[in-house]
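Asker:
In our numbering, the protein residues as written are 3 to 43.
1. If we count the other Cβ atoms within 10 Å of its Cβ and call it buried at 16 or more, is residue 19 buried or exposed?
2. Tell me whether the beta-carbon of residue 39 lies closer than 8 Å to the beta-carbon of residue 12.
3. Determine which residues share a DSSP beta bridge with residue 12 and list them.
4. Using the three-state DSSP reduction, which class does residue 24 fall into: helix, strand or coil?
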């Protein structure tokens, strides 16, 4: 059994979105909550 990382991520909190942007993983985000604002690039 091989473990693989998720390729697509849905963020339900603003904090999660911000962390993924800081890690350079914004391309993997496919959905965000209606209350979340995407950080500027």
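Think of the CB as a built atom: it goes at the ideal place given N, C-alpha and C, for glycine as much as any other residue.
Answerer: Reading off the structure:
1. In this structure residue 19 is buried. Its beta-carbon is surrounded by 16 or more other beta-carbon atoms within 10 angstroms.
2. No, Cβ-Cβ distance for residue 39 and residue 12 is not below 8 Å.
3. The bridge partners DSSP lists for residue 12 are 33.
4. Residue state, collapsed to three classes: helix.
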